[in-house]
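S.K.: Structure below; questions to follow.
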Amino acid sequence: MSRPPSVTVPAAPRAAVSLLALGALLASSITLAFAPSAHAADTLLSQGKTATASSQEGEGYSAAAAVDGDLTGTRWASQWSDQQWLQVDLGQEADLTRVVLTWETAYGKDYEIQASDNGTDWHVLKTVTGGDGGTDDLAVSGTGRYVRMQGLARSSGYGYSLWEFQVYGSPAGTTPPPASGAVKVEGTQGNWRLTVGGQPYTVKGVTWGPAASDAPTYLPGVKAMGANTIRTWGTDGSSKALLDAAAANGIRVINGFWLQPGGGPGAGGCVDYVTDTTYKNAMLTEFAQWVDTYKSHPATLMWNVGNESVLGLQNCYSGSQLEAERNAYTSFVNDVAKKIHSIDPDHPVTSTDAWTGAWPYYKRNAPDLDLYAVNSYSNVCQVRQDWLDGGYTKPYIVTETGPAGEWEVPDDVNGIPDEPTDVQKADGYTKAWNCVTGHQGVALGATLFHYGTEHDFGGVWFNLVPDGLKRLSYYAVKKAYTGSTAGDNTPPVISNMTADPASSAPAGGEFTVHADVRDPDGDAITYKVFLSGNYASGDKRLVEAQWRSVGNGTFVVTAPQKLGVWKVYLQAEDGHGNAGIETRSVKVVAPRVSGTDVALNRPATASSFQQSYGDCPCTPQLAVDGNTDTRWASDWSDPQWFQVDLGASKALHKIQLVWDPAYAKSYEVQVSDDGSTWRSVYSTTAGDGDVDTIDVSATARYVRLQLTARGTGWGYSLHELGVYS
């Protein structure tokens with residue numbers, strides 16, 4: 041099947057929003073993923089059962105303390121050696137699905153989860169190596185009456201210590217079948233409901249992001265949030281594993297079908313829906329194949345045809361052709377809906393777009409859809425009024441929503457989107473869910489964005505569990521879906537984060553980060569500091585910074601060498617699988633040089649300059665104007681030269697070059713008294729761009745850069761040449 045390399049962030053419901061901005065946010069972060077093999081629906085079986093251990097550290101640390109249901113008050117602790125074990129007798133043979141270990145500080149780095157029918161002969165259910173403590177939520181598959189944690193290697197000089205050892209599953213042979221029966225949209229205008237097997241069903245969901253290999257680990261977490269639904273963007277042969285695992289956890293799936301152009305750039309190109317019958321026939325055939333394959337699967341909830349293409353078509357066409365394409369696209373969606381209904385009359389069909397402005401096209405051209413769907417973030421509370429104003433006669437679901445996205449927030453002091461705080465993001469999920477449920481009889485639920493694990497720029501903005509760590513947003517969704525988070529250990533809360541200096545951090549120098557951090561449960565907090573060059577270089581990764589704590593919530597961070605606006609992230613972890621993550625921007629600038637810049641606004645000449653392209657013309661004078669936002673750029677060839685006339689002979693002690701990404705790998709700094717006879721004061725064949733600050737000792741009127749080898753395929757490009765006397 042043709043499906044996108046990444047799922048782009050949806051647009052706000054307004055026609056003018058830029059899909060380029062939307063696609064940029066998560067282009068490296070959110071990929072289509074499908075879950076692996078299933079495991080049975082789980083019930084806690086171990087609590088209060090008989091537990092034994094190889095040893096205990098002392099009175100009050102018995103094995104029974106690890107199965108008493110007290111997650112923070114009592115614990116089992118072993119003697120201080122490896123090869124210790126803790127086991128629980130479930131009282132009868134059980135189908136095992138999940139084991140949760142809540143470690144104290146002294147955790148097992150390497151261990152096995154084993155099961156036995158008789159307490160003597162053991163088989164391994166799961167092997168863990170390189171564990172990092174906190175909470176290990178492990179999906180398992182097998183049977184047994186006895187379940188054991190067999191320690192192999194400790195993380196410290198202490199023993200093994202568990203606050204709680206929880207075993208989930210069901211008595212052997214009693215696993216309840218997943219919910220079954222036809223899924224219907226029932227009711228009358230303004231009084232609709234979704235039913236499964238005749239029973240009311242509100243979609244309480246999340247969009248699904250983890251890698252397939254991680255599904256056994258994360259699907260129980262989805263269920264623990266109170267979610268009953270996950271949404272995907274693509275369906276193919278690998279979907280069976282996801283559907284099987286979802287059914288085993290009592291979760292249903294909105295099976296997506298991807299159509300070009302999807303959410304915009306990176307989504308797979310442009311299609312002419314007016315004329316391209318080959319593409320449309322291929323998609324219709326392919327979708328029909330998978331509908332026939334999965335129509336009877338107990339996890340299938342509904343079919344979702346396309347994602348944000350009505351809005352996304354604006355990146356392919358304009359004017360009257362755009363209008364024709366939107367009508368043709370939604371007419372094709374209707375053809376798909378009719379085909380699906382002919383194969384599978386027992387599951388509804390919808391289609392998602394990024395704005396309610398797409399709904400008039402569906403209303404006009406896609407009468408066979410059972411309901412509409414929309415992705416909407418900060419404007420989700422406007423969807424109800426848009427539905428009323430549009431005079432629609434079908435209900436809807438919200439297939440992506442959450443806190444405000446990059447395209448919806450004001451810019452900060454450095455001119456980049458001001459990312460909401462953890463508290464604001466959590467409030468965003470709460471607000472979104474309240475607005476969805478507030479449209480009773482019309483809005484049939486939502487899948488909130490995003491149950492993803494990526495720990496990068498987009499992942500920190502939207503993921504509920506980046507790097508497997510639960511955020512305040514995770515608990516906000518859990519409270520929305522279950523009504524309570526009572527008894528949960530929740531993340532540290534970060535507030536009042538600042539970076540100083542925010543707009544003038546010297547490249548390679550230091551800046552400070554300060555924040556107020558508190559943990560609601562009084563847990564000890566450990567910190568990490570990361571940097572992202574998303575706005576400086578396009579690299580969305582989070583890379584751990586060089587930093588040190590100076591106490592009182594203050595951290596000294598080494599700035600990158602590369603100029604531009606960077607994001608700095610403070611991550612506070614509580615040792616229980618939770619984290620608070622806050623971010624601010626820092627503008628990295630060239631280091632300050634002492635003395636007077638005698639080249640400032642002096643006459644400059646060059647061997648060539650770019651007349652046009654991007655921000656050009658890029659004349660030589662722009663490299664001595666004192667503004668690092670302007671630049672000189674040469675032709676794309678070697679060699680080139682650039683020189684400045686200081687007006688009179690000056691005693692020089694330092695020269696600073698602020699390069700554009702098109703830098704010089706090999707160059708020489710020359711000086712002259714008359715502009716004709718030159719002498720070298722510095723040379724290199726290993727230039728790496730960014731900022732070069734060069735010590736010189738010379739007296740001269742003219743300074744020239746003799747540029748002999750480029751660092752890229754472009755020309756030479758210099759934001760600023762500073763000559764200091």
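Numbered by the numbering used here, the letters in the sequence shown go through residues 41 to 765 in order. Just so you know, even glycine gets a beta-carbon here, dropped at the ideal spot from N, CA and C. These numbers were taken from a predicted model, which means no experiment stands behind them.
1) What number of angstroms, rounded off, separates the C-alpha of L512 from the C-alpha of T441?
2) Is it the case that the stretch 452-465 contacts the stretch 525-534, given that we only count it when at least three CB pairs across the two stretches are under 8 Å?
3) Between the alpha carbons of S279 and G498, how many angstroms are there, rounded?
4) Within the continuous alpha helix (DSSP H) that includes P250, where are the two ends?
5) Mapping the DSSP letters down to three states, classify L571 as helix, strand or coil.
6) Could you give the first and the last residue of the continuous alpha helix (DSSP H) run that contains A520?
7) With a threshold of 16 other CB atoms inside 10 Å of the CB of P443, please say whether the residue is buried or exposed.
8) Quick check on the DSSP output: what are the complete beta strand (DSSP E) runs of length 3 or more inside the stretch 377-455, in order along the chain?
9) Just how far apart, CA to CA, sit A545 and V629?
10) Could you name the residues of the same chain whose beta carbon sits closer than 7 Å to that of T525, not counting the 5 residues immediately before and after it, in chain order?
11) Confirm, please, whether the CB-CB distance from K694 to V633 is below 8 Å.
12) By Cβ distance, which residues of its chain are closer than 6 Å to H337, with the 5 residues on each side in sequence left out?
13) Between L747 and Q680, how many whole angstroms is the CB-CB distance? I'm expecting something under 8 Å.
14) Quick one: measure Cβ to Cβ for L324 and V246, integer angstroms, because I've assumed they're closer than 8 Å.
15) I want to know whether the stretch 649-669 touches the stretch 587-600 - three or more CB-CB distances under 8 Å.
16) Might you give, ordered along the chain, the residues of its own chain that have their beta carbon closer than 8 Å to the beta carbon of Q683, omitting 5 neighbours on each side?
17) Whole angstroms is fine: what's the gap from D451's alpha carbon to G227's?
18) Could you tell me whether the Cβ atoms of G274 and G296 are closer together than 8 Å?
19) Report the rounded CA-to-CA distance for W606 versus I456, giving the unit in angstroms.
20) Locate the beta strand (DSSP E) running through A688, then write down its first and last residues.
21) Hey, out of S577, G352, V180, N158, whose CA is closest to T167's CA?
22) Per DSSP, what kind of secondary structure is E622 in: helix, strand or coil?
23) Would you tell me roughly how many angstroms separate the C-alpha atoms of A193 and G148, rounded to the nearest one?
24) What does the Cβ neighbour count give for H163, buried or exposed, with the cut at 16 atoms within 10 Å?
25) Can you tell me where the alpha helix (DSSP H) with Y334 in it begins and where it stops?
26) In the DSSP output, which residue or residues are listed as bridge partners for W606?
27) Three-state secondary structure (DSSP) at G498?
28) Residues in its own chain within less than 6 Å of T725 by CB, not counting five upstream and five downstream?
29) Output needed for L242: all residues of its chain with C-beta closer than 6 Å, excluding positions within five of it in sequence on either side, in chain order.
30) In its own chain, which residues sit with a C-beta less than 8 Å from the C-beta of D39, not counting the 5 before and 5 after it?
31) With a 10 Å radius around its C-beta and 16 neighbouring C-beta atoms as the bar for buried, classify P385 as buried or exposed.
32) Does DSSP put Y369 in a helix, a strand or coil?
33) Out of curiosity, what's the CA-to-CA distance linking S475 and G468?
34) In this structure, does DSSP put L299 in helix, strand or coil?
35) For D150 versus A212, is the C-beta spacing smaller than 8 Å?
36) I need the DSSP call for D157, collapsed to helix, strand or coil.
M.R.: So, from the data block:
1) 16 Å
2) yes
3) 25 Å
4) Taken as a continuous stretch (DSSP letters only), P250 belongs to no alpha helix (DSSP H), as it is neither H nor E.
5) strand
6) 512-522
7) buried
8) 389-393, 412-415, 436-440
9) 6 Å
10) Y515, K518, K519
11) yes
12) L283
13) 5 Å
14) Actually they are not in contact, since the Cβ atoms of L324 and V246 sit about 29 Å apart, beyond 8 Å.
15) no
16) A644, T645, A646, G715, Y742, V743, R744, L745
17) 45 Å
18) yes
19) 10 Å
20) 680-699
21) V180
22) strand
23) 6 Å
24) exposed
25) 317-334
26) V626
27) helix
28) S706
29) In the sequence as displayed, the identity of residue 242 is Thr instead of Leu. Contacts found: G485.
30) Because the chain is modelled from 41 through 765, residue 39 falls outside the range shown and cannot be assessed.
31) exposed
32) helix
33) A small correction: the amino acid at residue 475 is Cys; Ser does not occupy that position in the sequence shown. Rounded to whole angstroms, C475 to G468 spans 11 Å at the Cα level.
34) coil
35) no
36) coil
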